[in-house]
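A.B. asks: The numbering of the sequence shown is this note's numbering, which starts it at 12 and goes up by one.
Note that the Cβ used here is the ideal one computed from N, Cα and C, for glycine as well.
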Amino acid sequence: MRVKMLIIMTGSFLFGCKAQNNAPTGVGSVDLLRYQGLWYDIASYPARFQKDCHCTTAEYITTSRDYIKVVNRCRKGGFSERESSVTGKAFIVKGSNNTKLKVQFFWPFKADYWIVKLDPDYKWAVVSSGKDYLWLLSRTPEIPETLYDSVVSSLKKEGYETGRLRRTPQPCK
12 MRVKMLIIMT GSFLFGCKAQ NNAPTGVGSV DLLRYQGLWY DIASYPARFQ KDCHCTTAEY
72 ITTSRDYIKV VNRCRKGGFS ERESSVTGKA FIVKGSNNTK LKVQFFWPFK ADYWIVKLDP
132 DYKWAVVSSG KDYLWLLSRT PEIPETLYDS VVSSLKKEGY ETGRLRRTPQ PCK
């Protein structure tokens, strides 16, 4: 039942995406082999499909096919709740140097996934699908407050509504 609920919520995201006139700019390029792996959701804009999610993660796995496997997980309702997950595919947008992808959880619908900020050591990243959705991801469940403040300040200067960011509870391991 929880998996069905997570799938329905992810679908709401895909159907709810609207075209953006102010498309964010991405980073120069992304090495997908370095980018793959587990990322923790540190903060994000509130989204219907992530409502009341704790311990939210995204895992990216390169495949021998033309897509990247995406596994999103969270514990809905609290830290001790059972983990729910949904699996999808991310397709690289040609000419984007791997900075823009199209994520698909339900065929034939795809949503934008743009890597707009990336630590040189791939320790943290900021992902957007336009100005409606924004995620600050990290390789660790927590980041230093000074780093968080610096990233948020940078996003604000670029026109993102940083007041909408909500921290994701991440004490789970």
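Let me check understanding here. Comparing Cα to Cα, which of Asp143, Tyr133 and Ala136 lies closest to Gly174?
C.D. replies: That would be Asp143, whose Cα lies nearest to the Cα of Gly174.
A.B. asks: Can you name the residues that DSSP bridges to Trp146?
C.D. replies: Looking at the DSSP assignment, Trp146 forms a beta bridge with Ser55 and Val138.
A.B. asks: Does the separation of the CB atoms of Tyr46 and Tyr124 fall below 8 Å?
C.D. replies: Result no, Cβ atoms of Tyr46 and Tyr124 do not sit closer than 8 Å.
A.B. asks: For Val38 and Ile126, what's the separation of their Cα atoms in angstroms?
C.D. replies: If I take the Cα positions, the gap works out to 7 Å.
A.B. asks: Could you check the C-alpha separation between Ser165 and Pro152 for me, to the nearest Å?
C.D. replies: When rounded, the distance between both Cα atoms is 21 Å.
A.B. asks: Taking the alpha-carbon of Val138 as reference, which of Lys121, Thr110, Phe120 and Glu156 has the nearest alpha-carbon?
C.D. replies: Among Lys121, Thr110, Phe120 and Glu156, the Cα nearest to that of Val138 belongs to Thr110.
A.B. asks: Buried or exposed: Gly48, going by 16 or more other Cβ atoms within 10 Å of its Cβ?
C.D. replies: With fewer than 16 other Cβ atoms within 10 Å, it is exposed.
A.B. asks: In terms of alpha-carbon separation, which member of Gly141, Ser75 and Glu70 lies closest to Glu169?
C.D. replies: It is Gly141.
A.B. asks: What does the Cβ neighbour count give for Trp118, buried or exposed, with the cut at 16 atoms within 10 Å?
C.D. replies: Its Cβ having fewer than 16 others within 10 Å, Trp118 is exposed.
A.B. asks: Which residues share a DSSP beta bridge with Leu176?
C.D. replies: Leu176 is not bridged to any residue.
A.B. asks: Tell me the DSSP secondary structure of Ser130 in three-state form.
C.D. replies: The sequence as given places Asp at residue 130; Ser does not occur at that position. Three-state result, Asp130: coil.
A.B. asks: Per DSSP, which one or two residues make a beta bridge with Gln115?
C.D. replies: Looking at the DSSP assignment, Gln115 forms a beta bridge with Lys100.
A.B. asks: Would you report the Cα separation of Leu147 and Ser55, rounded to the nearest angstrom?
C.D. replies: So the alpha carbons of these two residues sit roughly 6 Å apart.
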